[in-house]
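Since the structure comes first, as structure tokens, the remarks are kept for the end.
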Amino acid sequence: MVGLAGCGDNIFEAKWTLPNVETVLLYSLARPELNLPSAFDFVNRRALEIQASEATGLWDVLLDTQDGELVFLPPGALNVDSEAFLLKLPNMAFDDVVTAPKDTTLYSRDTPFSVEMGSVYVFRTHRGQDRFGFPCVFFGKLQPVDIQPAVGTVSFMYDVSTLCDNRGLVPRD
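If you count by the working numbering, then the sequence shown holds residues 398 to 570, one letter each, in order.
The structure is reproduced here in structure tokens:
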């Protein structure tokens, strides 16, 4: 019989031990150019062109401009069926948000959220696959680091839990 554990580690015990904070640039959907990434898929950590057919239902947040203001839209705001939702936490620091709130009534599936410096946005992703191939959703957080309303761009840092349906937003040993 071959052992599946070494040094006391269970390979089937899911852990998220290393932060993987990255920064991404999105372009407002309202910009006149085509083929610019305006949506983000947190499950696969990639920016998407919303016009691309393969993007349908596979993104978690979209950047748009409404009344001259940049906004994040969850998929439901464009009538896209998705498990993804979003919550804005004003006047928070990225490192201070360690757990996604449990009360799902605080989140929105279809409300635009103004993009503001000094706010952290907590999200739940669309359904994806965990490292074992099982379908699940993930929680994460993002915070804008550069907002350019006149240009229609936002850069934000983000991290996403690698643990299926786990509300923890920071890695644990």
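C-beta: ideal position from N, C-alpha, C; glycine also.
What does DSSP give as the partner residue(s) for residue i in the beta ladder?
i       : result
Thr-496 : Gly-565
Leu-459 : Ala-436 and Leu-470
Gly-525 : Cys-533
Could you give the DSSP three-state label for residue i: helix, strand or coil?
i       : result
Pro-541 : strand
Ala-481 : coil
Leu-422 : strand
Gly-473 : helix
Phe-520 : strand
Cys-404 : Because the pLDDT at Cys-404 is just 47, under 50, the model does not fix this residue reliably, and the point stays unresolved.
Phe-491 : helix
Leu-445 : strand
Leu-503 : helix
Leu-486 : strand
Pro-509 : coil
Phe-536 : strand
Gly-515 : coil
If I follow the unbroken beta strand (DSSP E) through residue i, where does it start and stop?
i       : result
Ser-552 : 550-557
Asp-438 : 436-438
Ala-427 : That residue, Ala-427, is in no beta strand (DSSP E); it is neither H nor E in DSSP.
Ala-547 : Premise fails: Ala-547 is in no beta strand (DSSP E) and is neither H nor E.
Please determine, among the options, the residue with the shortest C-alpha to C-alpha distance to residue i.
i       : options                               : result
Glu-446 : Leu-467, Glu-466 and Leu-422          : Leu-422
Glu-430 : Pro-498, Pro-541 and Gly-549          : Gly-549
Thr-420 : Leu-426, Arg-443 and Ala-427          : Arg-443
Val-512 : Val-534, Thr-522 and Leu-483          : Leu-483
Thr-559 : Val-534, Leu-475, Val-551 and Ser-552 : Val-534
Arg-428 : Leu-460, Asn-417 and Pro-416          : Leu-460
His-523 : Val-418, Asn-432, Trp-456 and Asn-563 : Trp-456
Phe-437 : Thr-508, Asn-563, Gly-515 and Gly-537 : Gly-537
Tyr-504 : Gly-473, Asp-464 and Arg-569          : Gly-473
Glu-466 : Tyr-424, Asp-527 and Cys-561          : Tyr-424
Asp-492 : Pro-434, Glu-480 and Asp-556          : Asp-556
Asp-507 : Leu-539, Ser-479, Val-519 and Gln-545 : Ser-479
Thr-501 : Val-517, Asn-488, Val-495 and Arg-521 : Arg-521
Ala-490 : Asp-543, Leu-433, Leu-539 and Gln-545 : Leu-539
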